[in-house]
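Please read the structure below before turning to the comments.
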Amino acid sequence: MSKSPRLTTTLRGEDLSLGYGKAEVFADLSVSIAPGKVTVIVGPNACGKSTLLRALARLLKPMHGSVLLDGTSIHRLSTRDVATKLGILPQAPIAPEGITVADLVGRGRYPHQGWFRTWTAQDRLAVDGALDATGTLDLADRPVDELSGGQRQRVWIAMALAQGTPLMLLDEPTTFLDLAHQVEVLDLLVDLNQREGRTIVLVLHDLNHACRYAHHLVAMRGGTIVAEGAPDDIVTAELVTDVFGVPCRVITDPVSGTPMVVPIGRHLHVATEAERT
Amino acid sequence: MTAAATTTTTTTTVVDSVSGAVRRQALGRTTLVCGVLSAVLVAAFCVSISVGDFTVPLDDVIAAIFGGGSEDAAFIVRTLRLPRALTGVLVGVAFGLSGAIFQALARNPLASPDIIGIDAGAGAAAVFCIVVLDTTAAITAGGALGGALVAALAIYLLAWKSGVSPYRLVLVGIGVAAVLTAVTQFLLTRAEIFEAQRAVVWLTGSLNGRGWDDVRTGLVAVVVLVPALALLVGSLRTMQLGDDAAKGLGVRVERDRLLLVFVAVAFAAMATAAAGPIIFVAFVGAPIARRLTHDPLAMWTSALVGAVVVVLSDLVARRLFAPTELPVGVVTGVVGAPYLLWLLARTNRAGRGG
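The listed protein sequences derive, respectively, from chains L and W.
Note that this note's numbering gives residue 222 to position 110 of the first sequence, counting from 1, and the numbers run on in steps of one.
Note that this note's numbering gives residue 105 to position 82 of the second sequence, counting from 1, and the numbers run on in steps of one.
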């Protein structure tokens, strides 16, 4: 289950028109997810990044266009087939009261189980592997309610891992976490990408994290994709100002060498101008 | 899997799998709880058959159940008390499962058929049958079943807004329950005194005078519905993680939810038809089971808890003020009401909407 086929699973959205209810919110989105890479979708609030991710994960049916998983329209595949290739960690999953870590992670095995849900050695190995990879092995018998935010997020990622899909989509996995836990979660995702070659698609709020961790960046604004490419190639002060509507400067991240965005607030802006003159 | 994962998989294999150990522990606990509950159920079952205006010694009870014993004992056990006790078990199982399904679907402990209007639907229909149509018991039971299904459909449609949000389901359900209770009250005020009395006894929930017909109805329902539920329980377990997570794991959420609602309504309707809306059995069954087993779903344990609650409550109801018998619903009401108050108080304090 860990062999090279992972790298060949492809996911593409073609001419997607998306919306909720009857209202079309976004039109003509096309996006291609690079296999074996980390793709990060960024943009201001309500720009449609979560909507796009939901459509790619088959949680939202597009009004027009299609999402192709390995070349086949995702809505023609059975739910279970999709679930063995593509895992999604939604923004607010619910941990039932009192559930243990091992139980929660084990539920990621659902798409691999038959009618009688017998628990096979393969299930056991997948769950142990997922716990191990996320550093939650020693939490296995703890109730999820008692964990810290960062631990809980790692447990959810372990659940998505146990699903054993070559593609993992995560909707804002770092929101509500403090800085240390944000970095911890992002490092973990990079580990998964590097060690196991999983394709990872993330929606992130923090542009600097996005620049640092993405191989491929997708910048959205108002329901359209404004730019996409490697962070080094596309992140400029003009782009960020255009996408987020905030003046900024882009410098080189002293640690990673990737672009780093420094926003200029209204007050600071005045101050620096004054200094210059 | 590579690197770290491989080392774990090789070292853990059969000897010591971490997740396997937690799983075994959980399974062990559930098995123990179910064992104890079964023992309690069997004991309560035998005692409730043994005691009464004519006490039949326990060994005669067992002999009579298996076809032996004296003629008197055989009559009392096989014709009077055994069907009543069996109906109690079946009704308890049905209410317990119905409550567990609803509460898991709605992710809310308030979502039980006796609170969100399913039982109220059955009750209103049954009272209509008794008071207006003056029907026989069998037709009243059928009417109750229809009423439960109609109430469920109404709640589902009223709560529908491009999918059914669990929270809206509970709120709409409580509203529907209020309306249906008002209908029942209206019918009762218009009724003749004798019919009103019959209706009130039925509404309180009683196992008095249950015969083999009731057992058969209950048994057929359980035999049909339990396998259906067994096929759906995996989806339900996954749906507890939220709709999006469940869809991502390959559950056909809307379809399975509709099927589960149907199974849960059918359980509640069947139980209500057999014994009236014995209040709070569905409501307390699953929470007790979850607390005992530490399993967040505890489906089958809920069935056992439901059966124990009904059989024990009926025993208390029959013997507490003997020779006067109380309807079993009085006892379950007294037990369940404090739990409801506690739950509401806790919900208020924690602001968690259930």
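For glycine and all other residues, C-beta sits at the position ideal for the given N, C-alpha and C.
The structure presented is a predicted model; accordingly, all values stated were derived computationally and were not measured.
- W:S185 sits exposed, since fewer than 16 C-beta atoms from the chains shown fall within 10 Å of its C-beta.
- In the structure shown, L:P375 adopts extended strand secondary structure according to DSSP, grouped into three states.
- By the C-beta criterion, the region 325-335 of chain W is judged to be in contact with the region 117-126 of chain W, since at least 3 inter-stretch pairs fall below 8 angstroms.
- Residues of chain L with a Cβ closer than 8 angstroms to the Cβ of W:S42 are, in chain order, A214, V217, G218, R236, V239, D240, L243, A252.
- Contact annotation: the region 83-101 of chain W does not touch the region 155-162 of chain W, with fewer than three C-beta pairs closer than 8 angstroms.
- The criterion of a C-beta distance shorter than 8 angstroms is not satisfied by L:P174 and L:A195.
- Not one beta carbon of chain W lies nearer than 8 angstroms to the beta carbon of L:Y325.
- Ranked by how close their Cα comes to the Cα of L:R310, the residues L:M372, L:E284, L:L316, L:A272 have L:A272 in first place.
- Contacts with chain W at 8 angstroms (Cβ-Cβ) include L:G133.
- Of all residues in the region 319-346 of chain L, none is placed with a Cβ closer than 7 angstroms to any Cβ belonging to chain W.
- Rounded to the nearest angstrom, the gap between the Cα atoms of W:R191 and W:A182 is 6 angstroms.
- Boundaries of the alpha helix (DSSP H) around W:M293: 276-298.
- Excluding residues up to 5 positions away in sequence, G308, S325, A326, V328, G329 lie with their Cβ nearer than 6 angstroms to the Cβ of W:G119 in the same chain.
- Put simply, the CB of L:I211 is near chain W, with a gap under 8 angstroms to one of its CB atoms.
- Counting only runs of at least 3 residues, the region 302-326 of chain L fully encloses the following beta strand (DSSP E) elements, listed from N- to C-terminal order: 311-315.
- Among the residues of the region 175-189 of chain W, those with a Cβ less than 8 angstroms away from any Cβ of chain L are S185, in the order of the chain.
- DSSP places L:R333 in no alpha helix (DSSP H) but in the uninterrupted beta strand (DSSP E) bounded by 328-333.
- At a cut-off of 8 angstroms, the C-beta of L:A167 has no neighbouring C-beta in chain W.
- Taking each of L:P366, L:D215, L:Q294 in turn and checking the Cα distance to W:V45, the smallest one comes out for L:D215.
- Three or more Cβ pairs closer than 8 angstroms define a contact, and the region 253-266 of chain L meets that threshold against the region 280-299 of chain L.
- Excluding the 5 residues flanking it on each side, L:Q265 has same chain C-beta neighbours closer than 8 angstroms at P285, T286, L289, H293, V297, in chain order.
- A Cβ of chain L is located within less than 8 angstroms of the beta carbon of W:T261.
- Remark: C-beta atoms of W:L252 and W:V286 approach each other more closely than 8 angstroms.
- Residue burial annotation: L:V330 is buried, with at least 16 other C-beta atoms found within 10 angstroms of its C-beta.
- By a beta-carbon distance limit of 8 angstroms, W:T316 does not contact W:L230. Their separation comes to about 27 angstroms.
- Counting of Cβ neighbours within 10 angstroms places W:E94 among the exposed residues, the total staying below 16.
- In the structure shown, L:D140 adopts extended strand secondary structure according to DSSP, grouped into three states.
- Approximately 6 angstroms separates the beta-carbon atoms of L:T246 and L:L300; this is inside 8 angstroms, confirming the contact.
- The beta carbon of W:G308 does not come within 8 angstroms of any beta carbon belonging to chain L, so the residue lies off that interface.
- Close partners of W:Q126 in chain L (Cβ separation under 9 angstroms) are lacking, with about 10 angstroms as the shortest Cβ gap.
- With a threshold of 8 angstroms between beta carbons, W:Q208 makes no contact with chain L.
- Contact annotation, W:S73 with W:V79: C-beta distance approximately 5 angstroms; criterion of less than 8 angstroms satisfied.
- Assigned with DSSP and collapsed to three states, L:M271 falls in helix.
- With fewer than 16 other Cβ atoms inside 10 Å of its own Cβ, L:D345 counts as exposed.
- Checking the DSSP bridge columns, you'll see W:D82 has no partner listed.
- With distances taken between CA atoms, L:R124 lies nearest to L:L180 out of L:L180, L:L164, L:L314.
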